[in-house]
Amino acid sequence: MSSLMGVRPTKGYLMDLKRRIGFIERGCEFLKLKRDHLAKELTASLEVLRGRRKLLLENLREAYRALTAAYISLGPTEVKSQARSIRRSLELEVLPRSVMGVRYPYVKILRKPRIEGELDITLSHAAEKVLSILEELIQLAEFEARAERIADELGKTNRKVNALENTIIPSYRRVIKFIQDKLDEESLEELVRMKLIGGALARRRA
Amino acid sequence: MSPGLPYVVIRSHALIADLLTPEQIRVLAEAKSVEAFIERLSETPYGSVSVEADGDVSIALEKVFYRKFIERMARVVDIAPRNISDFLQTYYYMRFEVLNLKRILRGKFSGIPASQIVDSLIPIEPYLVEDFRALAEAETLEETVERLEGTAYSALSASIELCKQYDACWPLELGLNHIYAATILRSMGRLHHQDRILVRRIVEFETDVENFLIAVKQRRTENASEIQNLEDLFPTTYGIRLDKIREVFGAGFDEARDVMRIIESLGPPYSEVLAPLYEGDVALIRTRVRRHIYRTARLGRLANDFGFNVIMAYLVFCEMEKDDLVGIAWGKAQGVPSEDILKYLVCLTPLDLLD
Chain A
1 MSSLMGVRPT KGYLMDLKRR IGFIERGCEF LKLKRDHLAK ELTASLEVLR
51 GRRKLLLENL REAYRALTAA YISLGPTEVK SQARSIRRSL ELEVLPRSVM
101 GVRYPYVKIL RKPRIEGELD ITLSHAAEKV LSILEELIQL AEFEARAERI
151 ADELGKTNRK VNALENTIIP SYRRVIKFIQ DKLDEESLEE LVRMKLIGGA
201 LARRRA
Chain B
207 MSPGLPYVVI RSHALIADLL TPEQIRVLAE AKSVEAFIER LSETPYGSVS
257 VEADGDVSIA LEKVFYRKFI ERMARVVDIA PRNISDFLQT YYYMRFEVLN
307 LKRILRGKFS GIPASQIVDS LIPIEPYLVE DFRALAEAET LEETVERLEG
357 TAYSALSASI ELCKQYDACW PLELGLNHIY AATILRSMGR LHHQDRILVR
407 RIVEFETDVE NFLIAVKQRR TENASEIQNL EDLFPTTYGI RLDKIREVFG
457 AGFDEARDVM RIIESLGPPY SEVLAPLYEG DVALIRTRVR RHIYRTARLG
507 RLANDFGFNV IMAYLVFCEM EKDDLVGIAW GKAQGVPSED ILKYLVCLTP
557 LDLLD
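From first to last, the protein sequence lines stand for chains A and B. Be aware that the first sequence starts at 1, since it is given in my numbering, and climbs by one per residue. Be aware that the second sequence starts at 207, since it is given in my numbering, and climbs by one per residue.
Structure below.
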């Protein structure tokens, strides 16, 4: 029993171990709570993601069709030249947010590009379609990053809970049991010794 | 020394026969990939085309098609009688020069590096300006416009104020459209009066459609209400009069219905060409504009099969072929399904069905 090698079978150490296992068990309970909460968050996020993605895919298809049509009608160099003429481009700020200690990026749109007037009507139509879904697209990306990080954290938490429940706590219990057995044995020996000494002293007095 | 009009006309007839047939265009559009497209293209008069493997294939192919078109145009210009040759040079070289100037002005307006601007230019020699690179390397947009002083584009300096007023580049582009249309119509003086009809129809139609589209776009902008001086912005109008443009600017909140009413009141060919504005697929406007010009050239050729119209028709067909090939090449490079490419092509309709 390698885990018991070097264990000091003392009352002080037993008390210390009991305090530590109490702390670990409480931590494990918290981790279980966190795991359940993250699982709930993840399920909800996935449901929202599925719905949003389906909606967005249809809009994206439409925007892509419009953009394809613009490229075929105007030619790639003209499209690039016109696209470059947009002076006010998209400006974003990425800020951190957190759920149950899991940090995920939150994207704030500071400024949208001004496309009206500058582009050919074909390209302008395509750009309007892309812009109309831009906010949705960014939100979806944010949601995906959130779900991904929650899933990642859920995996980590689950591994921690399993490690605590199946390895660390049982090994602590084994050590505690070992020390308790050892201490019981020692106190029994002590009792027998005391009895023997007491008997010998009584015989001498008699 | 030109061998004379009859020779150029007969040559043009022969060259028209060398253009890609609708069937060939369809076969190219239905190629499975851009590699298959290049392979099929090698079986046509374009021959084998080599493009750099590391660059953007569609842009490289676009340059190839532009070069081929310019080569075809130059061949006709070289043998045409002086008056026709002068006109064609103005018509086509100035057309591409205007496109390049628009790209330079846009680049200067948005402040992109001169090298990027120069890369985006159509590979032609300057026609009325001295040097495209020098224009692209100007410090500011104002300086670029100043450098155009003393050329046919000096009138652009009037548009720079509007450009500043609306903080946009489109007044300059609109100014270039009008300079182009006015120059072409002026240079038509060298042509026989019968020959002017076809060119006038094409140029006026293109200018009208551009004016209308710009009006539709501008009425949506934040500063649409500030646009008062429509006469300055649209100094040249033909089939679509200024009062119709004014109507577009004054259209109500229910834009689609109002614009539809105005478009329908324009009558053919405008009502048919501009209908996609309210029907939904706006890109079809460009296709319909090109298709209308294609048909006009075809009808012009039918009206006079032994004169200038044949030369003009050949060059119009060449240009449409180039535009179609540019679209197909991009579509193939992006893996766009053939049916999505085919609907935007012009040269798919056999010539005899256009009448």
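Ideal Cβ placement from N, Cα and C applies to all residues, glycine included.
Rounded to whole angstroms, what is the Cα-Cα separation between residue i and residue j?
{"i": "isoleucine 451/B", "j": "phenylalanine 440/B", "result": "9 Å"}
{"i": "serine 73/A", "j": "glycine 533/B", "result": "6 Å"}
{"i": "glutamate 41/A", "j": "isoleucine 24/A", "result": "25 Å"}
{"i": "leucine 311/B", "j": "leucine 347/B", "result": "7 Å"}
{"i": "alanine 163/A", "j": "glutamate 190/A", "result": "39 Å"}
{"i": "glutamate 331/B", "j": "leucine 472/B", "result": "39 Å"}
{"i": "methionine 1/A", "j": "isoleucine 169/A", "result": "In this prediction, methionine 1/A has a pLDDT of 47, which is less than 50 and means its spatial position is unreliable; what the coordinates show is noted afterwards. Answer to the nearest angstrom: the Cα atoms are 16 Å apart."}
{"i": "lysine 54/A", "j": "valine 94/A", "result": "25 Å"}
{"i": "tyrosine 386/B", "j": "alanine 145/A", "result": "52 Å"}
{"i": "glutamate 412/B", "j": "valine 495/B", "result": "8 Å"}
{"i": "aspartate 181/A", "j": "valine 161/A", "result": "28 Å"}
{"i": "serine 248/B", "j": "methionine 466/B", "result": "45 Å"}
{"i": "aspartate 325/B", "j": "isoleucine 517/B", "result": "31 Å"}
{"i": "valine 335/B", "j": "isoleucine 290/B", "result": "22 Å"}
{"i": "arginine 339/B", "j": "alanine 320/B", "result": "8 Å"}
{"i": "glutamate 185/A", "j": "phenylalanine 178/A", "result": "10 Å"}
{"i": "leucine 211/B", "j": "valine 415/B", "result": "32 Å"}
{"i": "valine 270/B", "j": "glutamine 139/A", "result": "42 Å"}
{"i": "tryptophan 536/B", "j": "leucine 436/B", "result": "37 Å"}
{"i": "serine 316/B", "j": "arginine 84/A", "result": "7 Å"}
{"i": "valine 422/B", "j": "proline 329/B", "result": "32 Å"}
{"i": "aspartate 438/B", "j": "leucine 448/B", "result": "11 Å"}
{"i": "valine 542/B", "j": "glutamate 277/B", "result": "29 Å"}
{"i": "proline 105/A", "j": "threonine 157/A", "result": "21 Å"}
Evaluate residue i with the Cβ neighbour count: other Cβ atoms within 10 Å of its Cβ, from every protein chain shown; 16 or more gives buried, anything less gives exposed.
{"i": "phenylalanine 514/B", "result": "buried"}
{"i": "leucine 196/A", "result": "exposed"}
{"i": "proline 96/A", "result": "exposed"}
{"i": "glycine 506/B", "result": "buried"}
{"i": "valine 192/A", "result": "exposed"}
{"i": "aspartate 16/A", "result": "exposed"}
{"i": "threonine 43/A", "result": "exposed"}
{"i": "aspartate 561/B", "result": "Bear in mind that the predicted position of aspartate 561/B carries a pLDDT of just 47, short of 50, making it too unreliable to give a figure here."}
{"i": "leucine 188/A", "result": "exposed"}
{"i": "isoleucine 420/B", "result": "buried"}
{"i": "isoleucine 231/B", "result": "buried"}
{"i": "tyrosine 71/A", "result": "buried"}
{"i": "proline 377/B", "result": "buried"}
{"i": "methionine 279/B", "result": "buried"}
{"i": "proline 251/B", "result": "exposed"}
{"i": "glutamate 470/B", "result": "exposed"}
{"i": "glutamate 167/B", "result": "Any answer about residue 167/B is impossible in this case: the structure gives chain B only from 207 up to 561."}
{"i": "histidine 398/B", "result": "exposed"}
{"i": "isoleucine 265/B", "result": "buried"}
{"i": "arginine 35/A", "result": "buried"}
{"i": "tyrosine 213/B", "result": "exposed"}
{"i": "valine 48/A", "result": "exposed"}
{"i": "threonine 10/A", "result": "exposed"}
{"i": "glycine 381/B", "result": "buried"}
{"i": "glutamate 379/B", "result": "buried"}
{"i": "glutamate 258/B", "result": "exposed"}
For the alpha helix (DSSP H) that residue i lies in, which residues bound it at each end?
{"i": "lysine 549/B", "result": "Per DSSP, lysine 549/B belongs to no alpha helix (DSSP H) and is neither H nor E."}
{"i": "glutamate 258/B", "result": "Element bounds for glutamate 258/B: n/a, residue is neither H nor E."}
{"i": "arginine 288/B", "result": "288 to 294"}
{"i": "valine 99/A", "result": "First-last for valine 99/A: 91 to 99, but that is the beta strand (DSSP E), not the alpha helix (DSSP H)."}
{"i": "leucine 307/B", "result": "300 to 316"}
{"i": "glutamate 268/B", "result": "263 to 285"}
{"i": "glutamate 128/A", "result": "121 to 163"}
{"i": "glutamate 25/A", "result": "11 to 74"}
{"i": "histidine 498/B", "result": "489 to 509"}
{"i": "tyrosine 476/B", "result": "476 to 480"}
{"i": "phenylalanine 512/B", "result": "That residue, phenylalanine 512/B, is in no alpha helix (DSSP H); it is neither H nor E in DSSP."}
Between residue i and residue j, which are expected to be in contact by the criterion C-beta below 8 Å, what is the C-beta distance as a whole number of angstroms?
{"i": "alanine 503/B", "j": "valine 522/B", "result": "4 Å"}
{"i": "tyrosine 297/B", "j": "isoleucine 390/B", "result": "6 Å"}
{"i": "leucine 154/A", "j": "alanine 39/A", "result": "6 Å"}
{"i": "serine 218/B", "j": "valine 282/B", "result": "7 Å"}
{"i": "glutamate 135/A", "j": "isoleucine 86/A", "result": "With a Cβ gap of about 18 Å, glutamate 135/A and isoleucine 86/A do not count as contacting."}
{"i": "leucine 56/A", "j": "isoleucine 109/A", "result": "So it is not a contact: roughly 16 Å between Cβ atoms."}
{"i": "phenylalanine 143/A", "j": "serine 45/A", "result": "6 Å"}
For the beta strand (DSSP E) containing residue i, list its first residue and its last residue.
{"i": "arginine 111/A", "result": "102 to 111"}
I want to know whether the segment 396 to 416 of chain B touches the segment 345 to 362 of chain B - three or more CB-CB distances under 8 Å. no
Between the segment 476 to 489 of chain B and the segment 115 to 135 of chain A, are three or more C-beta pairs nearer than 8 Å? yes
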